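>
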Amino acid sequence: MGHGALARLAELMTALVRHLHAYAREVGLTEEEWAAAVEWLTATGRISDDKRLEFILASDVLGLSTLVVQMSHHFSADATPATVLGPFHIDGSPTAGFGADMSGGIPGTPLFITGRVLDLDGTPLPDVVLDVWQADADGAYEAQLPDIDEARLRALYRTRADGTYCAQGRSVAPAEATAASRLPRPARSGTGRSATTLARVLPEFEAAPAEILYNGAQWARAWPGAG
1 MGHGALARLA ELMTALVRHL HAYAREVGLT EEEWAAAVEW LTATGRISDD KRLEFILASD
61 VLGLSTLVVQ MSHHFSADAT PATVLGPFHI DGSPTAGFGA DMSGGIPGTP LFITGRVLDL
121 DGTPLPDVVL DVWQADADGA YEAQLPDIDE ARLRALYRTR ADGTYCAQGR SVAPAEATAA
181 SRLPRPARSG TGRSATTLAR VLPEFEAAPA EILYNGAQWA RAWPGAG
């Protein structure tokens with residue numbers, strides 16, 4: 001670690017300790033509450049693995065992920081705003097042709113998502129890779145399911161010469177997903193999220209994940225990760 005990185009780490013940790021202590025003083029944190037928080041963090045770590053990153057979900061629920069994304073991406077007002085990558089993205093998705101079905105025959109409502117990728121001047125962008133993943137009809141992502149050896153509801157698509165894409169072909173329209181139900185207690189509450197389809201552009205353009213929320217989704221406005 002270079003000198004600059006060490007100096008930045010010192011800055012981050014000093015500020016974290018200062019604000020953490022200020023928080024404890026402000027709320028009068030008790031030993032029992034401190035122990036409950038430690039227990040929750042420990043439980044969150046226990047259910048995390050190389051595919052399931054529950055600490056990212058915890059950050060999403062607290063609204064921290066969205067705040068960091070907003071501070072990190074300074075796009076033009078005409079650009080598609082970025083959203084959080086989320087804890088359920090998996091690298092190495094298979095390549096799919098235009099309009100190909102990535103559902104693998106999973107039961108559910110057929111879903112097609114089409115559109116165009118344009119630059120800020122409105123010029124179509126050909127051969128752009130879109131990394132697409134989504135929840136199933138039960139609101140579960142592949143990263144949350146045990147014993148899944150093949151890609152499930154995720155694929156890489158490319159735009160055509162006119163910038164158009166058919167990102168999923170026939171897929172599964174997601175149900176509502178309750179984020180808190182996958183967090184260790186005592187975090188379970190009324191907090192949830194609407195299951196979504198997510199996509200990001202790779203890699204020759206700045207990666208900016210975009211999230212598609214469905215009309216009438218219960219948690220569309222309440223979910224902190226949606227901004």
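If you read the sequence shown in the UniProt record's numbering, its first letter stands for residue 1, the second for the next number, and so on. Yeah, the Cβ is synthetic: ideal placement off N, Cα and C, and Gly gets one too. Fair warning: this is a prediction, and the values are worked out from it, not measured in the lab.
1) Roughly how many whole angstroms lie between the Cα atoms of A35 and I47?
2) So, under 8 Å CB-CB, R154 and G104 are touching, yes? Tell me the CB distance rounded to an integer number of Å.
3) Flag this pair as yes or no: are the beta carbons of S65 and V84 separated by less than 7 Å?
4) Can you tell me where the alpha helix (DSSP H) holding G115 begins and where it ends?
5) Helix, strand or coil for T83 per DSSP?
6) Let's test the definition: count the other Cβ atoms within 10 Å of the Cβ of V38 and tell me whether it reaches 16, buried, or not, exposed.
7) CB-CB under 8 Å to R8, same chain, minus the five flanking residues each way: which ones, in chain order?
8) What residue from F112, D50 and G28 has the CA that sits closest to I90's CA?
9) Can you tell me whether V129 is helix, strand or coil according to DSSP?
10) What three-state label does DSSP hand R8 in the structure shown?
11) Start and end of the beta strand (DSSP E) containing R158?
The relevant details are as follows:
1) For A35 and I47, the distance between alpha carbons rounds to 19 Å.
2) Going by Cβ atoms, the distance from R154 to G104 rounds to 10 Å, so no, they are not a contact pair.
3) Taking 7 Å as the Cβ cut-off, S65 and V84 qualify as a contacting pair.
4) Looking at the DSSP string, G115 is not in any alpha helix (DSSP H); the run it does join, the beta strand (DSSP E), is T114 to R116.
5) If DSSP states are grouped into helix, strand and coil, T83 belongs with coil.
6) That one is exposed.
7) The answer is none, since no qualifying residue turns up.
8) Shortest Cα-Cα distance from I90 to any of F112, D50 and G28 involves D50.
9) V129 carries a strand assignment under DSSP once its states are collapsed to helix, strand and coil.
10) Here R8 sits in helix by DSSP.
11) First-last of the beta strand (DSSP E) with R158: R154 to R158.
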